[in-house]
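Chemist:
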Amino acid sequence: MRIAAGKRLAAFCLVAPLVVFLVLFFVWPLATMMSNAVSSPGAVQALPQTGEVLADWDRTSPPTADMQAALVEDLRAIEDDQTVGDITRQLNSAKSGFRTLMAKTVSAVREDTGPIDLVAIDKRWSQVPFWQAIAAATASPYTDRNLLAAVDLARSPTGEIVSLPDTRSANLAILQRTFVIAAGTTLACMLIGYPYAMVAASCTGWKRQAMLAAVLLPLWTSLLVRTAAWFILLQDSGLINRMLQALGIIDTPLALLFNRTGVIIAMTHVLLPFMVLPIFSVLIAIPSNLMPAAASLGANPLRAFWRVLLPLSLRGVVSGSLLVFMTSIGYYITPALIGGPTDQMISSVIAFYATGTANWGMAGALGIVLLVATIALYVVYDRLSSSEGQRA
Amino acid sequence: MSMLRVLKIVFAVAAMTFLLAPLVAILPLAFTSSVFLNYPVPGYSTRWFAELFTADVWRRAIINSLVIGLGVTVLATVLGTLAAVGLRERRLPFSGVLRTAFLLPMVVPAVVLGVGMQLLFVRMGLANSYLGVIFAHSVIAVPFVFVNVSAALQGVDTRVERAAASLGASPITTFRRVTLPLATPGIVSGAVFAFATSLDEVILTLFVAGPNQRTLARQMFSTIRENISPAIAAAAFLFIVGTILAATIVMLVRWKSAQRRAA
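From first to last, the protein sequence lines stand for chains A and B.
Counted from 1, the first sequence has number 108 at position 108 by the working numbering; the numbering is strictly sequential.
One rule links them: number in the working numbering = place in the second sequence (from 1) + 392.
1) Give a yes or no on whether the C-beta atoms belonging to S581/B and V642/B are separated by under 9 Å.
2) Comparing C-alpha positions only, which one of A149/A, E52/A, A69/A and D122/A sits nearest to A135/A?
3) Using a Cβ-Cβ distance under 9 Å, would T492/B count as near chain A?
4) At what residues does the alpha helix (DSSP H) containing A354/A begin and finish?
5) Have a look at I265/A, L217/A and L271/A and flag the residue whose alpha-carbon is nearest the alpha-carbon of T640/B.
6) Among all the DSSP beta bridges, which residues are the ones paired with A154/A?
7) Answer yes or no: does any C-beta atom of chain B fall closer than 9 Å to that of I78/A?
8) Apart from the five residues on each side of it in sequence, which residues of its chain come closer than 6 Å, Cβ to Cβ, to A628/B?
9) Measure the C-alpha to C-alpha separation of I265/A and D86/A and round it to an integer number of angstroms.
10) Check whether the Cβ of P129/A lies closer than 9 Å to any Cβ atom in chain B.
11) May I ask which residues mark the beginning and end of the alpha helix (DSSP H) holding Q235/A?
12) CA-CA distance, A228/A and T334/A?
13) Check whether the stretch 361-380 of chain A touches the stretch 153-163 of chain A, taking contact to mean three or more Cβ pairs, one atom from each stretch, closer than 8 Å.
14) Taking the straight line between their C-alpha atoms, what separation do you get for E553/B and F567/B?
15) Below 8 Å CB to CB, which residues in the same chain sit around K95/A once its five sequence neighbours on both sides are set aside?
16) Below 8 Å on the Cβ atoms is my guess for S530/B versus A468/B; work out the distance and round it to an integer in Å.
17) Around the C-beta of A103/A, are 16 or more other C-beta atoms found within 10 angstroms, so that it is buried, or is it exposed?
18) Would you list the one or two residues that DSSP bridges to T424/B?
19) Nearest CA to the CA of P485/B: which residue from Y331/A, V15/A and A299/A?
20) Which ranges would you report for the alpha helix (DSSP H) in the stretch 464-536 of chain B if only whole runs of at least 4 residues count?
21) Can you tell which of A358/A, A363/A, L337/A and L370/A has its C-alpha closest to the C-alpha of V594/B?
22) Which partner residues does S39/A have in the DSSP bridge list?
23) Is there a Cβ of chain B sitting closer than 9 Å to that of P259/A, yes or no?
24) My assumption, with CB atoms under 8 Å, is that S321/A sits in contact with T178/A. Please give the rounded CB distance.
25) Consult DSSP for A392/A and reduce its assignment to one of helix, strand or coil.
26) Using the beta-carbon of each residue, which ones in chain B are nearer than 7 Å to S199/A?
27) Can M498/B and F527/B be called in contact, C-beta distance under 9 Å?
28) A392/A to V282/A, Cα distance in whole Å?
29) With 9 Å set as the bound, which would you pick, yes or no: does the beta-carbon of W206/A sit closer than that to a beta-carbon of chain B?
30) What does the alpha-carbon distance come out to for the pair A351/A and N36/A?
31) Smallest Cα separation from D382/A: which of L496/B, N456/B, V466/B and G435/B?
32) If you measure from the beta carbon of R391/A to each beta carbon in chain B, is any gap under 9 Å?
33) Would you please state the rounded distance, in angstroms, between the beta carbons of P48/A and D80/A? I believe it to be under 8 Å.
34) Locate the alpha helix (DSSP H) running through F179/A, then write down its first and last residues.
35) If the cut is a Cβ gap below 9 Å, which residues of chain A does L415/B touch?
36) 9 Å is my cut-off, CB to CB: does C189/A come that close to chain B?
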């Protein structure tokens, strides 16, 4: 008994370093990303008194002197411009106009140490919507604003969920585009991958080895190298256009780079191995005498394929498709280098929010959408492959 | 039947061309004398390799990639191997959950992870540091080591270790003299995969590295994006040669251990 416990302790000590490492550098970053999406700490922490006073306000009656006094006190207590900037940005994204209003107010508050009438500084302080924005921002350290915005929704001033006007809604279109490109890539992989796996499974010896090597070699090659290669092949004066022109098929070069066609061609090349390998492994496990048996019973080859081979290999097709689809929806490098502005997928938008505009809330919210979609697909894939293992 | 056969051959050749042509097409361009990354190649020279090894940005990028790659290889191989050995103990609670969890870094989209790392690394003081990049790359390299070592260990007969223990070897000696040598092929493959993963990583590098940690892959990414030049083809040539070399090492190690086992 003691030996078993000792063994378990030893095993625990061996596994622990990786667990700690992944908690620190994998789980924690993801948690940080998610908490950024749902938290609005700036205003809550910086405007404590205002938050307290506004909690009792009904959000529709005119602003009171108490509310003004609390806001003046809070603004005076803030010393660094960084915090002021954070609050302003947060409020301005909820109600435009806050940028000038805050600049004006903060400088006035800092000059005068006595009680101040905010409406005298700027008339907008008498308007309810500006106070509604502050009330919403200070109400809770958590907000669903980013998550709603990720799917083109928002809360109205009275708190109902409404869809954003067309001018401010782009995310659903990008999500839809991401799924369209991923579905196109998956379909292309299936159409090439299934017959490829079938031919490879029907071959023997060096022919099969060569066909598998042709799949594995690109898989091992750097993604950047493969993308660069497609960049070269697809350009207007690239090999593909040259060849088609030399053969007299086209007169003017086809536009293949910086558009959807190019992205799907390059992504299909990159992800094809993930379709071929699962289908191949299912196909070689199917007894080779089934097709002749079907033929001997009078089925023509097409019917034999449709009724015998396809149903038996469906599991491989589903595994491969899930794998390809799941990987495609998170793709960044290939669309960034081969695609045009209208082929950018959700990852590009996340990267834009994060590095371009430092809007961590939106980057996080879209990140959650992508993460949830990916994990859901992975769970299905994992279930499927593990139940396969049990059956074998 | 012969019609079907012809169709099969035509399809197989076309698909293999689709798979291999891009890799083959980029190779001769590494030796072009032109400043354009295009065919026909007007003349052959090694000027772009010279550029790669003498131009400051490229040379620094190559050195950075090697330094970071080595760091990742060591860290990921140690962590992944230890965990794979530890998880052989089936009575360890949650071992099934851990097994799945260790593979998750391969599944999570890199951009999502990158956003979180950038936010967190600033707070940890790891932003724009070599250590930060090494940690980031190791997260996605570790699953490859774990998978490879686990697979190698599955082939190790636990009775061999019990025999060593019954002959008086301490657990550490058993591990060092029996388990580890048997797992070596898996460890070597894992280490090669870890290095290759780090070498090819762009997205996390974009998020966590500063200008001083620009890696070769990162440099290639921005060169393709901003001003594409045949230096890309030269770098790609090195990558492809490296890939073939790495694949050869992995094959050789596996083949040798298979031979030893057969003997």
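The beta-carbon is built from N, C-alpha and C at its ideal position, and this holds for glycine as well.
Modeler: So, to answer that:
1) yes
2) E52/A
3) yes
4) Premise fails: A354/A is in no alpha helix (DSSP H) and is neither H nor E.
5) L217/A
6) V162/A
7) no
8) I418
9) 43 Å
10) no
11) First-last for Q235/A: undefined, no H or E at that position.
12) 9 Å
13) no
14) 8 Å
15) P129, F130, Q132 and A133
16) 5 Å
17) exposed
18) Y436/B
19) V15/A
20) 487-493, 496-499 and 502-516
21) L337/A
22) Y142/A
23) One detail in the question is off: residue 259/A reads as Asn in this sequence, not Pro. False, the Cβ-Cβ gap to chain B never drops below 9 Å.
24) No, S321/A and T178/A are not in contact; Cβ-Cβ is about 16 Å, not under 8 Å.
25) With a pLDDT of 42 at A392/A, under the threshold of 50, the modelled position of this residue cannot be trusted, and the question is left open.
26) A small fix is needed here, since residue 199/A is Val in this sequence, not Ser. In chain order: K400, F403 and A404.
27) no
28) Because the pLDDT at A392/A is just 42, under 50, the model does not fix this residue reliably, and the value given afterwards should be weighed accordingly. Their Cα atoms are separated by approximately 11 Å.
29) no
30) 15 Å
31) L496/B
32) Below a pLDDT of 50, predicted positions are generally treated as unreliable, and R391/A, at 48, falls in that range; the measurement from the model is reported next regardless. So no, R391/A is outside the interface.
33) The Cβ separation is near 16 Å, so there is no contact.
34) N171 to S202
35) L217, P218, T221, V225, R226 and A229
36) no
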